[in-house]
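Asker: To start, I am sharing the structure in question, which I have written as structure tokens.
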Amino acid sequence: MSDLLANLNAPQLQSVTLPPVHALILAGAGSGKTRVLTTRIAWLISTNQLGPQGVLAVTFTNKAAKEMTARLSSLVPINVRGMWIGTFHGLCNRLLRAHYREVGLPQSFQIMDSADQLAMVKRLAKNLGLDDERFPPRELCQFINAHKEQGLRAAQAEAYDSHTQKRVDFYVEYENQCNREGVVDFAELLLRCYELLQRNEPLRTHYQQRFQQILVDEFQDTNRLQYAWLQLLAGGGAKIFAVGDDDQSIYRFRGAEVGNMRDFERDYAGANIIRLEQNYRSHGNILAAANAIIKFNSDRLGKNLWTDAGEGERIRVFEGVSDLDEARFVIEEIRELIRDGMTPTQIAILYRSNAQSRVLEHELFTKAIPYKVYGGLRFFERQEIKHALAYLRLLGNPDDDTAFLRVVNFPTRGIGARSLENLQAAAHQTHSSLYNAAASLSGKAGQAVGAFIRLIESLRLETEKLPLPEIIEHVIEKSGLAEHYRTDKEGQERLENLDELINAAATFVDDDGVVMSVEGEGGALASFLAHASLESGEHQAGEGQEAVQLMTVHAAKGLEFDAVFITGLEQGLFPHENAVNEGKDGLEEERRLMYVAITRARQRLYLCSAQTRMLHGQTRYCVPSSFLGEIPESLMLRLNKRQKAAPAVPVFGDFGGGYAEPVVDGLRVGLTVEHAKFGIGVIVATEGRGADARVQVNFASNGMKWLALEYAKLTPV
DNA sequence: TGGGAGTGCTTTTTT
DNA sequence: AGCACTCCCA
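Residues in the first sequence are numbered consecutively from 1030, following my numbering.
Here you go:
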């Protein structure tokens, strides 16, 4: 045990060895958060204060859950397999499988991923005759998810106007449809589980007594429902050990409530708050820059990172003439770093939005530097995989309309839109699933549909006794999927992916399958399908290869690199204009994003921007990011002088403007102007000439606006 | 049925 | 610019 606690610093040690109390650990970037979390569990178990079954540890991503499990098993000699360590969704799924009767779900209920959900919403909206202009399916999805994440059922949703009322009505229909089909979406997993615990007193008591210690990772990312879920489970005396960093909360847009951290402080008055502020990752100058930036945010819980690693290098700042120029600079520097012995994998290029990767990729490709872009299509999201899974889902649950529609005519079997319309009408009338309604369909179309039903039935019979991988293999072959992709000229890769799916199933049976099939009564197939929905799979080709890492700042959270390039540091891009338009909260989230980006770097950090950038097919003139102006000049090393004579335009401080040709009336990009209504702003882009001329102005208090010069009065300031 | 043309959108993303 | 999605025609 002394080993366990060796090399922990004072606050880490204090956190790990806290008595059974509620605690909030404010863990700064690179301060050993995961280590504290896992050591805490290990310490509790190895000192016999708690059995492994008394622990509930929650994370957001499968990756984090896996890492925690792996680290834990290296710390204590216990079987971590059966422990309740997982994602919110994974754990709720586990609970719901165990108690499917109590929540009124079919034994082998299916989980819809976002794409499935969108498909269902589209279908339903169409059937209900909703105008998709006024009610875009994506918005309807968001509406439903947002409500569920607030813990609100349709009956509790408030509607102040008729438009919202329509959406609430739709929410009702959606719930009904999900129940009819026996499917749940991601948010439903949580809400259903929450309601189960809330309403079922014996069950609640059971779990409240079982879990004595509830540990939460990345607490700043929890939404309201997740927090309520935790509170419910902790209602019987269990202690919550929440680890998080309010400065790294970057998922507000998907429902995360940083406010939960303050609420936690309040709700568990006397919660021990411990700050982990010693950073073991970055050199001093890098941390100083991060601290300087984040200080501009209000309402922080307060925390200042420090290091004893020394100042290190200054932060390199480069301003390119164009996005291409910026990319060339970045890639040239990378070549040098590699030449000097740095491992490509230890170099990361970060950007605010995915679209920015294109130019960078092009340059990397040209210079033959191996690179890897994160954040593409994931394994279980590929169409061929989704098709195969849809067949499998129909075997377990014929009422799954989404699955039915996905493959009823794939590969094509002459079932067109017409017959499907008839089928849907029939299903709607009898309140039954498409599969059920298919029996009633007559005529030529009925025959084709009938053949499909018989196919599914025979697949079910044929695979009944087979082990999981063979079921999948059989289905892929006999459904005609394999044949379809064999004849498709670009089907080779898809065939390989389908093989990979069979492999995945084989591994699944060996690993998780054993545990899952004990827990979940749905059998191996149902467990595997749940696994496929919950873990979209980071099976990226070329993993482990030496390659420069490209990703968005969001994707970089939790990672670290020797050298980091933050690119596109321009006003409107980073901070993003949409966020800026949202006001103070939006801007502060962007600032936290910048904070996350900076703190990824160990030794060397580059801040790059461009004076012009291709955006949406147009050249846009850019002003350097306001964040650059928030870093003390003394920490920075400017790598280049302005390449054009600066028109000496002060913009929000002293970090200079962009440059371009005058448009009309002496107005040009970079110029600060005043508008009677919108106030002071900076011209960011121009378009057209003469009477058609328009300028885009970034107003300090009103955000980005396009203005026609013919009408708008702009006076240079 | 399937492809070609026309249309519109475009921050971040996990489960 | 690029991509996804829809619509319409052969």
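All residues carry an ideal CB built from backbone N, CA and C; glycine is no exception.
Which value, in whole angstroms, describes the spacing of the CA atoms of Gly-1080 and Arg-1228?
Answerer: Numbered from 1 along the first sequence, position 51 holds the residue referred to as residue 1080. Numbered from 1 along the first sequence, position 199 holds the residue referred to as residue 1228. C-alpha separation (whole angstroms): 27 Å.
Asker: For Leu-1666, does the three-state DSSP call read helix, strand or coil?
Answerer: As a working note, residue 1666 is residue 637 in the first sequence. Leu-1666: strand per DSSP, three-state reduction.
Asker: Since Pro-1745 sits in a beta bridge, which residues does DSSP pair it with?
Answerer: Translated into the one-based positions of the first sequence, residue 1745 becomes position 716. DSSP output for Pro-1745 lists Val-1702 as bridge partner(s).
Asker: Pairing CB atoms from the region 1616–1634 with CB atoms from the region 1404–1419, are three or more of them under 8 Å?
Answerer: Judged by Cβ distances under 8 Å, the region 1616–1634 makes no contact with the region 1404–1419, as fewer than three pairs qualify.
Asker: Less than 7 Å separating the Cβ of Glu-1413 from some heavy atom of the ligand FMN?
Answerer: With respect to the ligand FMN, the structure shown offers nothing to examine, as it has no ligands at all.
Asker: How about Gln-1600 and Ser-1654: are their beta carbons less than 8 Å apart?
Answerer: Walking along the first sequence from the start, residue 1600 turns up at place 571. Walking along the first sequence from the start, residue 1654 turns up at place 625. Against a cut-off of 8 Å, the Cβ pair of Ser-1654 and Gln-1600 comes out as a contact.
Asker: Taking only the alpha-carbon atoms, compute the straight-line gap between Val-1213 and His-1416 and give it to the nearest angstrom.
Answerer: Numbered from its first residue, the first sequence carries residue 1213 at position 184. Numbered from its first residue, the first sequence carries residue 1416 at position 387. For Val-1213 and His-1416, the distance between alpha carbons rounds to 19 Å.
Asker: Mapping DSSP to helix, strand and coil, what is Ala-1737?
Answerer: Mapped onto the first sequence, residue 1737 falls at position 708. If DSSP states are grouped into helix, strand and coil, Ala-1737 belongs with the strands.
Asker: Over what stretch of residues does the beta strand (DSSP E) that includes Arg-1304 continue unbroken?
Answerer: The residue you call residue 1304 lines up with position 275 of the first sequence. Here the beta strand (DSSP E) through Arg-1304 covers 1301–1305.
Asker: For Ala-1737, which residues of its own chain have a beta-carbon under 6 Å away from its beta-carbon, when the five flanking residues on both sides are left out?
Answerer: As a first step, residue 1737 must be located in the first sequence, where it is residue number 708. The answer, listed in chain order, is Arg-1723.
Asker: Based on Cα-Cα distance, which residue from Leu-1423, Tyr-1403 and Asp-1517 lies nearest to Thr-985?
Answerer: There is no way to answer for residue 985, as the model of the chain reaches only from 1030 to 1746.
Asker: What three-state label does DSSP hand Pro-1048 in the structure shown?
Answerer: Here residue 1048 corresponds to residue number 19 of the first sequence, with the count starting at 1. In this structure, Pro-1048 counts as coil in the three-state DSSP scheme.
Asker: What is the DSSP secondary structure of Arg-1100, reduced to helix, strand or coil?
Answerer: Here the question's residue 1100 lines up with position 71 in the first sequence. In the structure shown, Arg-1100 sits in a helix (DSSP, three-state: H, G or I).
Asker: Go through its chain and collect everything with a Cβ distance to Ala-1466's Cβ below 7 Å, but skip five positions before and after it.
Answerer: For this step, residue 1466 is matched to residue 437 along the first sequence. Within the same chain, Ala-1466 has close Cβ partners Leu-1452, Ala-1455, Ala-1456 and Thr-1459.
Asker: For the beta strand (DSSP E) that Val-1084 lies in, which residues bound it at each end?
Answerer: Numbered from 1 along the first sequence, position 55 holds the residue referred to as residue 1084. Element bounds for Val-1084: 1084–1088.
Asker: Under 8 Å, do Arg-1747 and Ile-1279 count as touching if we go by C-beta distance?
Answerer: The structure shown does not extend to residue 1747, since the chain spans only 1030 to 1746, so no value can be given for it.
Asker: Starting from the C-beta of Gly-1542, find all residues in its chain whose C-beta is less than 8 Å away, skip the five residues before and the five after it, and write them out in chain order.
Answerer: Numbered from its first residue, the first sequence carries residue 1542 at position 513. Note on Gly-1542: pLDDT 44, under 50, position unreliable in the model; no value is reported.
Asker: Confirm, please, whether the CB-CB distance from Asp-1274 to Leu-1033 is below 8 Å.
Answerer: Start at 1 with the first residue of the first sequence, and residue 1033 comes out as number 4. Start at 1 with the first residue of the first sequence, and residue 1274 comes out as number 245. Taking 8 Å as the Cβ cut-off, Leu-1033 and Asp-1274 do not qualify as a contacting pair.
Asker: Look at the Cβ atom of Ser-1635, then the Cβ atom of Phe-1594, and state whether they are nearer than 8 Å.
Answerer: On the first sequence, residue 1635 is found 606 positions in, with the first residue counted as 1. On the first sequence, residue 1594 is found 565 positions in, with the first residue counted as 1. Per the sequence shown, residue 1635 should be read as Tyr rather than Ser. It is a contact, given that the beta carbons lie within the stated cut-off.
Asker: Pull up the CB-CB distance for Glu-1659 and Ala-1321, whole angstroms please, since I reckon it's below 8 Å.
Answerer: The residue labelled residue 1659 in the question sits at position 630 within the first sequence. The residue labelled residue 1321 in the question sits at position 292 within the first sequence. Indeed they touch by this definition, with Cβ atoms about 6 Å apart.
Asker: If you draw a straight line from the alpha carbon of Ala-1318 to that of Leu-1434, how long is it in whole angstroms?
Answerer: On the first sequence, residue 1318 is found 289 positions in, with the first residue counted as 1. On the first sequence, residue 1434 is found 405 positions in, with the first residue counted as 1. The alpha-carbon atoms of Ala-1318 and Leu-1434 are separated by roughly 53 Å.
Asker: Between the region 1041–1061 and the region 1261–1273, do at least 3 Cβ pairs fall closer than 8 Å?
Answerer: As far as the Cβ criterion goes, the region 1041–1061 touches the region 1261–1273, which means the pair count is three or higher.
Asker: Beta-carbon separation of Arg-1167 and Leu-1153 under 8 Å?
Answerer: What you label residue 1167 is simply residue 138 of the first sequence in a count that begins at 1. What you label residue 1153 is simply residue 124 of the first sequence in a count that begins at 1. Contact: no.
Asker: Can you give me the C-alpha to C-alpha distance between Tyr-1256 and Asp-1296, rounded to a whole angstrom?
Answerer: The count along the first sequence starts at 1 and reaches residue 1256 at position 227. The count along the first sequence starts at 1 and reaches residue 1296 at position 267. Going from the Cα of Tyr-1256 to the Cα of Asp-1296 covers about 11 Å.
Asker: Sort out for me which residues DSSP pairs Val-1726 with in a bridge.
Answerer: The sequence position of residue 1726 within the first sequence is 697, counting from 1. Val-1726 is bridged to Ile-1712 and Lys-1734.
Asker: Please look up how many angstroms separate the CB atoms of Arg-1069 and Ser-1044, rounded, as I've assumed it's under 8 Å.
Answerer: Within the first sequence, the letter at position 40 stands for residue 1069. Within the first sequence, the letter at position 15 stands for residue 1044. So it is a contact: roughly 7 Å between Cβ atoms.
Asker: Does the pairing of the region 1176–1187 with the region 1204–1221 give three or more beta-carbon distances under 8 Å?
Answerer: Because the criterion of three Cβ pairs below 8 Å is met, the region 1176–1187 and the region 1204–1221 touch.
Asker: Between Ile-1661 and Leu-1259, what straight-line distance do the alpha-carbon atoms span, to the nearest angstrom?
Answerer: Mapped onto the first sequence, residue 1661 falls at position 632. Mapped onto the first sequence, residue 1259 falls at position 230. Residue identity differs from the one stated: residue 1661 is Pro in this sequence, not Ile. Their backbone Cα atoms lie some 41 Å apart in a straight line.
Asker: Looking at Val-1388: is its Cβ nearer than 8 Å to the Cβ of Ile-1444?
Answerer: As a working note, residue 1388 is residue 359 in the first sequence. As a working note, residue 1444 is residue 415 in the first sequence. Not closer than 8 Å, so no.
Asker: Could you check which residue in Arg-1064, Gly-1587, Ile-1140 and Ser-1311 has the C-alpha nearest to that of Arg-1343?
Answerer: Translated into positions along the first sequence, residue 1343 becomes position 314. Of the candidates Arg-1064, Gly-1587, Ile-1140 and Ser-1311, the one whose C-alpha sits nearest the C-alpha of Arg-1343 is Ser-1311.
Asker: For the beta strand (DSSP E) containing Ala-1271, list its first residue and its last residue.
Answerer: Mapped onto the first sequence, residue 1271 falls at position 242. Residues 1268–1273.
Asker: Please state if the CB of Leu-1488 and the CB of Ile-1414 are separated by a distance shorter than 8 Å.
Answerer: For the purposes of this step, residue 1414 is taken as the residue at position 385 of the first sequence. For the purposes of this step, residue 1488 is taken as the residue at position 459 of the first sequence. No. Outside cutoff.
Asker: Would you call the region 1389–1400 and the region 1575–1595 touching, i.e. three or more CB-CB distances under 8 Å?
Answerer: Contact between the region 1389–1400 and the region 1575–1595 is present, because at least three Cβ pairs lie under 8 Å.
Asker: Please name the residue in Gln-1242, His-1513 and Gly-1265 whose C-alpha comes closest to that of Leu-1232.
Answerer: Along the first sequence, read from residue 1 onward, the residue named residue 1232 stands at position 203. Nearest option by C-alpha distance: Gly-1265.
Asker: For the alpha helix (DSSP H) holding Val-1538, just list the boundary residues, first then last.
Answerer: As a working note, residue 1538 is residue 509 in the first sequence. From DSSP, the alpha helix (DSSP H) with Val-1538 extends over 1521–1539.
Asker: Looking at Arg-1221 and Asp-1428, is the spacing between their C-beta atoms short of 8 Å?
Answerer: The residue labelled residue 1428 in the question sits at position 399 within the first sequence. The residue labelled residue 1221 in the question sits at position 192 within the first sequence. Cβ distance not < 8 Å, so Asp-1428 and Arg-1221 don't count as in contact.
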